[in-house]
Every structure is written in structure tokens, then in C-alpha cells.
Amino acid sequence: MARRGLLKIRHNPQELFDVIALPVVFTVMFSSIFGGAIAGTVTGYLPTLIPGVLVQVTIAASVGTGVKLREDMNKGVFDRFRSLPIARIAPLAGSLLADMVRYAVATAMTVSVGLLMGYRPASLAGLLVACLLVMVVAFALSWIFALMGVLMDKPSTVQGVSMLVLMPLTFVSNALVPVDTMPGWMQAFAHVNPVSHLVSAVRTLADTGRASSEIATSLLGAVLVLAVMAPLTVRVYMRKA
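Residue numbers (my numbering): -12 to 228.
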């Protein structure tokens, strides 16, 4: 099933457009808008920006999982899978695993654009580990959007609702600006926002190459989401089918 997902990407490379274009647009746009105001220079802002964009773009890419899942279900492809003597989780998990390629492209593009603009992480090994961490978390979150894909009837609805949920999580965080500049109620949300913890973990790895409690928090959250959402999504899928 994962190989099928990879073949779909191979035959339709346009599926990679968002993970190629968004890192370029976000990095150039946000660095130009916020760089001077926050750090004084664009280059000085990049150590803050690149980890934030890395998390934002990769998590946003996981939304496409639910959209493509809904498209396949509307075409009747999953009806055929349900009749095959395979594990019930295989069609869903295979599709989600194949999307790890998209997450890898998103992280690679973000880091590459940052390096071209002058970003120099203190620990290259730490940055690579951070990219893997973000991909693992994105895979776990993709099960949430997969559930939306199973529950909703149209791909456009899945996309709209998913982005409505995702936008506050990614922007009301420490991804782009310091949390202490926000209003009090927004600071309270940003401090408990799992995206803020993930961004902090990425920054720590890129700046020092050392593990931190934020890494453990992000991994634990990913495991909990996966443990709850994967069986729930499969159960709802079987009922809907």
C-alpha cells in the first residue's frame, strides 16, 4: 500500500508542488516582513524563523493526506481494498507512510532555502535530527486529518476544516515571533500549544545539538496521538465502508 502511494507521487509529481513552493514563499516572505522588526536584520532572524517554518510547512503538508484519502474513497478504490485479504489498517497506513516522502521534501526545501539566505545552524547533526523529529510528529498528526478524510464527504471540506484547525495552532505559537509580545490570553495558549513545544525542540537541536525535555514532550505527544487516532480512524473507516 505504501508502494502504491509512492507510485502515485511518481506518476503525478504535482503532488509535491506545495511542499516545494511553500518553504520558499514562507521563508522569503516572513524573513522580509519580520526580520528587521524582530532581529534587526533578515540574517539575524533566520535562526528563529527556519525552525518555525520547518514545523509549519511540514505539518501543513500532512493535511494533504486526508484530502487524498477522501479522493480515493470517493473513487471507490478503498472498496476494493476492503475486499482483499489484508490487514484493515494497511490501506490507510500505506497511504500515510508514502506521504513521508512529502514531509522529507518539505524539510529539505526549508533547510536549503534557509542555507541559501544565510542560515547557519550551530549543529548540522542536531538539525538533521530535528528534521526527523518533525517528520515523525507530522506522520502522527496525519492520522487526525485521515480521520477527517474518512468522516467528511468532500475533499474540499476536508481541506477547509483541516486548515481552520491548523492555522491557529501554527501561528499562535513561538514559530514566528516571541510569545512574550502577544496578549496575555494568547500567551497562555501559545505556552501549552504543542506546536510551540515542537518548535522549541527543533531550535534547541539546531542551536546546541543536545536533547531537551521539549523533544521528549513532542515524541510523547506524537505517540499518544498515534495510539488513539490510528485505531479510531480504522474503526470509523470500517463502519463508513
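The beta carbon of each residue, even a glycine, is placed where N, CA and C say it ideally should be.
Item: Local conformation of Tyr32 per DSSP, three classes; Value: helix
Item: Check whether Thr52 and Val121 have beta carbons under 9 angstroms apart; Value: no
Item: Distance between Trp172 and Ile(-4) (C-alpha atoms, nearest Å); Value: 42 angstroms
Item: Reduced DSSP category for Val152 - H, G, I as helix; E, B as strand; rest coil; Value: helix
Item: Contacting residues, own chain, Cβ-Cβ under 8 angstroms from Ala177 (five flanking each side not counted); Value: Val159, Ser160, Asn161, Val166, Met169, Ser183
Item: Selected residue, minimal CA-CA separation from Met268, among Pro181, Gly136, Pro72, Val210; Value: With the chain covering only -12 through 228, there is no way to say anything about residue 268.
Item: Same chain only: Cβ atoms within 6 angstroms of Ile76, ignoring 5 sequence neighbours per side; Value: Val221
Item: Residue burial classification, Arg107 (beta-carbon count within 10 angstroms, cutoff 16); Value: exposed
Item: Which of helix, strand or coil DSSP assigns to Pro10; Value: helix
Item: Rounded straight-line distance, which links the Cα of Val116 to that of Val148; Value: 31 angstroms
Item: Element boundaries [alpha helix (DSSP H), containing Gly235]; Value: This structure gives no information on residue 235, because the portion of the chain shown stretches from -12 to 228.
Item: Extent of the continuous alpha helix (DSSP H) run through Met135; Value: 111 to 138
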